[in-house]
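Numbers given in our numbering equal positions in the sequence shown, counted from 1, plus 3.
Don't be surprised by glycine CBs; every beta carbon is placed ideally from N, CA and C.
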Amino acid sequence: MAFPFPQWKAMARYQKNNSRSIDHRVARTDLKMAADLDNLEYYIKFPSPNFNYNQQNGESDYVFVVNEEKIPVILLFGWAGCQDKYLAKYSQIYEDRGLITLRYTAPVKCLFWKRLQMITIGERLVKLLVDLNFENHPIIIHCFSNGGAFLYQNFSLALEKSPKPIQIKGVIFDSAPGKRRIVSLFRAISAILGGKPLYNIPMSVLMTMFLSMIWLYEVISNYINPKTTFQSNPLENLKNEKNTWPQHFIYSKKDVLIPFTDIEYFADYRRSLGVDVTSLCYEGSPHVKHYTEHKESYVNSVCNFLNKCLNGTN
């Protein structure tokens, strides 16, 4: 299936410069790409050039008014250990409405113990948008859990050094951000490892102890010699983010990984700085499972936020 010309031209240029740019086992409108440096693997999908932007989707009545030469781009930043097949279910919300989606999940090692590499990943994602000629497209970010929020933090910092201004219109936080806690770390590692309890529990305990020692060392080192690149507290760093585009929070009171009080504290703080903040709180859905249990209200919530960001409507 052909791409709209501006996007296809950008894609062709990117293919030429990257020897491992396309996995031909996936459809041409859902390309799997990997850059040679550090294997920055992402998935991008373009709408059909014949997509009817005036049609109504069966799940909701939202119809986005878009400039078909500058179709909105949705960046989806996955949670730690997220498999793309699960992240793709969220991108489908936007693809069904004719929007471009780009999915990326940071490697677990970069999220937990090689966190300085997140700075480079953020910079390379910004460069990717410029390489794809997306700097003039309105962009919405949808990030999941602290893994996605941590990636967003570094992406946001990288935007300050972008050679071209990028039109970020808003950001959605699903089950994030939250404070760093030993118990939350243990539960996150346990969820990533999976497997039987006999293997999972001791391995999760060992890894939690190991990472806790690394974080403690970083905290002490940063106290002695403060660094602007300090990476140990995403919630506190994002709390004072310079960018003030609208933010939307989707979370649950029964989330055992990130307490809802963390998210409400963060949202209230951002609101106090003059940021346009909206939220959707569920009573009982698990961590990053709100869409699974509440599809209709979840879709309506994100579409309403997009409408506001893209078209200035509430």
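Residue environment for residue 237: buried (at least 16 other C-beta atoms within 10 angstroms of its C-beta).
Fully enclosed beta strand (DSSP E) runs of no fewer than 3 residues occupy 103-107 of the region 80-130, in order along the chain. For a cut-off of 8 Å, the C-beta gap from residue 54 to residue 144 is around 22 Å, too long to register as a contact.
In this model, residue 167 and residue 204 are separated by some 47 Å (Cα to Cα). Pairing residue 128 with residue 106 gives a Cβ-Cβ distance that is not under 8 Å.
With contacts defined as CB atoms closer than 8 Å, residue 48 and residue 98 qualify as a contacting pair. Boundaries of the alpha helix (DSSP H) around residue 302: 298-314.
Your pair residue 84 and residue 195 checks out as a contact, with CB atoms roughly 4 Å apart and the cut at 8 Å. Burial state of residue 287 is exposed, judged by a 10 Å Cβ sphere holding fewer than 16 other Cβ atoms. Counting only the Cα atoms, residue 126 lies some 28 Å from residue 187. Taking the Cα positions, residue 309 is about 16 Å away from residue 57. For residue 272, the enclosing alpha helix (DSSP H) stretches over residues 263-275. As far as DSSP is concerned, residue 198 takes part in no beta bridge.
Comparing C-alpha distances from residue 156 to each of 139, 109 and 191 shows the shortest one belongs to 109. With a threshold of 16 other beta carbon atoms within 10 Å, residue 149 meets it and is buried.
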